[in-house]
Every structure is written in C-alpha cells, then in structure tokens.
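Asker: This is the structure I have questions about; it appears just below.
Right under this line is the structure:
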C-alpha cells in the first residue's frame, strides 16, 4: 500500500506542475498487463491517456504500434536517456503524446526454502516518465516489494501475482 501512495505522489508531483490549467496527454506502455492496469489506476485525473491499439508480445519482447511498427522492449524499457531515441521519436510522430509513461518489471521471482516448506515472492518494477517530444527525463522510480515468508503453495496464481504488483506500487 505504501508503494502505491508513493508512486501516486511521485507521478502527481512530476506531472501536475507542468499541467496547471490544462490536461496533458500521455502514451502509457508496459511489458506486463497487470503492471499496466495497476499503474494506470494510480494516475492522476489530469493525465489523459491516449487510446491506441498497441499490442505487446512478451514472448518476443516487442511492442507493435497501430501503424505496424515493431519496437523491441530493450529500446524503451531501460533507464538510459531517450533524448536521441529513434523509437521515442517514432512514438511521438505516430501518437503525439505530451508524455511517455513506461512501466516494466525488472525482476520477479520466488525464494523457496524447501527444508521448511516456506517461500516468499519478490517483485521489482520501474516506472518512468519522459517528455514525449524531447525525451527529457521527468520521473524515474524503481519500486520493489517482497512478501513475508509463508507456507509454500504448490502453484502460483494470477491473483497472488497481481497482489504482489499492487503491493509494490503501494
């Protein structure tokens, strides 16, 4: 819960001063559908997310835009500068967002202690906001969460994974 509040406050303080008196548009991309939904729910009201038909293929590690351009995850989901990025420029040309919001999972796993029959899950994610036109850095937040040790379940459920993502954003 604390992670989500921190993320919300960080996003509000990053975007709100720029958007006083007008709604700002943003193109929001993620490498994970659950992370996308969780972060989208935390965005402030002044941010207008652009509608699009972008598809994400996690197996191939690519995003395909409405116009059919393919962009590799590795060219967007990193913390290096996007000022000279051809991919950012293509997204700006195609969608014209004021901001580009990127969210990706950097580490996800489960530490199992078989001798004791317990395990704990962990997740690390990054949320980044850059100026859509120039690629200038606006916000970079690295988030992480680890559960407490619990009896090891034989299967991992989507609900448990979504709870872990929500907890990381709290």
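In my numbering, the protein residues as written are 357 to 526.
Where is the CB? At the ideal position from N, CA and C, for every residue including glycine.
All of these numbers come straight from a predicted model, not from anything done at the bench.
(1) With a threshold of 6 Å on Cβ separation, who are the neighbours of residue 484 within its own chain once the five nearest residues in sequence on each side are excluded?
(2) Is it right to say residue 505 is buried, meaning 16 or more other beta carbons lie within 10 angstroms of its own, or is it exposed?
(3) Pick helix, strand or coil for residue 522, following the three-state DSSP scheme.
(4) DSSP state of residue 433, grouped into three classes?
(5) Roughly how many angstroms separate the alpha carbons of residue 391 and residue 501, rounded to a whole number?
(6) To the nearest angstrom, how far is the alpha carbon of residue 517 from that of residue 410?
(7) How far does the beta strand (DSSP E) with residue 495 in it reach, from first residue to last?
(8) So residue 476 is in the beta strand (DSSP E); what residue range does that whole segment cover?
(9) Which partner residues of residue 467 appear in the DSSP bridge assignment?
(10) Between which two residues does the alpha helix (DSSP H) harbouring residue 396 extend?
(11) Per DSSP, residue 380 is paired with what?
(12) What are the residues that DSSP puts in a beta bridge with residue 455?
(13) Taking just the CA atoms, how far does residue 406 sit from residue 424?
(14) Can the beta-carbon of residue 487 be found closer than 8 Å to that of residue 381?
Answerer: With the structure as the only source:
(1) 458, 496
(2) exposed
(3) helix
(4) coil
(5) 13 Å
(6) 24 Å
(7) 493–502
(8) 474–487
(9) 476
(10) 389–398
(11) 403
(12) 382, 487
(13) 17 Å
(14) no
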